[in-house]
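The sequence shown: position 118 = 198 (my numbering), numbered continuously.
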Amino acid sequence: MQHLNTLWQIVGAAQSVTEMARPFVGRQQSYLFNVSASSAITLFLRADNAEVRVTRWLKPQVEVVVQLQVPLGWRIATDQDEAGVYVVAKRKRVVGGMSSASFTVNVPQDAYLLLELENGRVQIDDINGALHIAPPDSKGRSEIK
Numbered sequence: 081m082q083h084l085n086t087l088w089q090i091v092g093a094a095q096s097v098t099e100m101a102r103p104f105v106g107r108q109q110s111y112l113f114n115v116s117a118s119s120a121i122t123l124f125l126r127a128d129n130a131e132v133r134v135t136r137w138l139k140p141q142v143e144v145v146v147q148l149q150v151p152l153g154w155r156i157a158t159d160q161d162e163a164g165v166y167v168v169a170k171r172k173r174v175v176g177g178m179s180s181a182s183f184t185v186n187v188p189q190d191a192y193l194l195l196e197l198e199n200g201r202v203q204i205d206d207i208n209g210a211l212h213i214a215p216p217d218s219k220g221r222s223e224i225k
């Protein structure tokens with residue numbers, strides 16, 4: 081009987097730890113924006129400490145899938161107008177320092193990308209052509225053309 085009581089205490093402690101850790105576990109959010117098929121649009125994405133993967137597709141839609149580590153450390157705002165789609169992800173001061181994010185972005189073939197990242201990483205699938213990457217300026221910022 082003593083052994084069974086100890087086992088129940090361990091199970092109870094594990095459940096408590098799971099509940100306390102829930103706000104810190106990664107979470108995925110998806111955003112889907114319908115865009116005009118007749119005109120090119122811009123995707124503006126701003127994020128800190130994030131990984132961004134971009135894929136072009138034939139749909140007249142922008143899809144942004146965000147995987148957040150320590151979700152309570154982030155604020156995400158999105159908007160859309162006739163010119164484009166805007167996604168801004170900001171880390172909160174205290175908890176945000178421990179967090180990171182991964183963005184998977186699917187955009188129409190003719191979409192213009194404007195990615196403003198700090199401590200970021202970018203992967204662009206299916207590139208045909210040349211990328212021109214300027215050396216960092218005095219503030220450590222690089223420009224890709």
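A virtual CB, placed ideally from N, CA and C, is assigned to each residue, including glycine. Computed from a prediction, not measured in an experiment: that's the story for all the values here.
Relative to the Cα of K139, the nearest Cα in the group Q149, H212, V187, V146 belongs to V187. Between the alpha carbons of L193 and F183 lies a distance of about 14 Å. Only residues of its own chain outside the window of five on either side were considered, and among them P140, E162 have a CB closer than 8 Å to the CB of S116, listed in chain order. Residue burial annotation: P151 is buried, with at least 16 other C-beta atoms found within 10 angstroms of its C-beta. Taking C-beta separations shorter than 6 Å and ignoring five residues to either side along the sequence, the partners of V185 in its chain run V134, V144, following chain order. Here V142 is not near V168, since their CB atoms are 8 Å or more apart.
Residue pairing by DSSP places P215 opposite no residue, since no beta bridge is assigned to it. Bounds of the beta strand (DSSP E) holding I156 are 154 to 161. By the Cβ-count criterion, I224 is exposed, with fewer than 16 other Cβ atoms from all chains shown falling within 10 Å of its own Cβ. The shortest C-alpha to C-alpha distance from F124 to any of G220, A191, G200 is the one to A191.
For P188, the uninterrupted beta strand (DSSP E) segment begins and ends at 180 to 188. By the beta-carbon neighbour count (other beta carbons within 10 angstroms, threshold 16), W154 is buried. When beta bridges are read from the DSSP output, T135 appears opposite N186. The beta carbon of D159 lies closer than 7 Å to those of Y166 in the same chain, with the five residues before and after it left out.
I204 sits in a strand when the DSSP states are folded into three classes.
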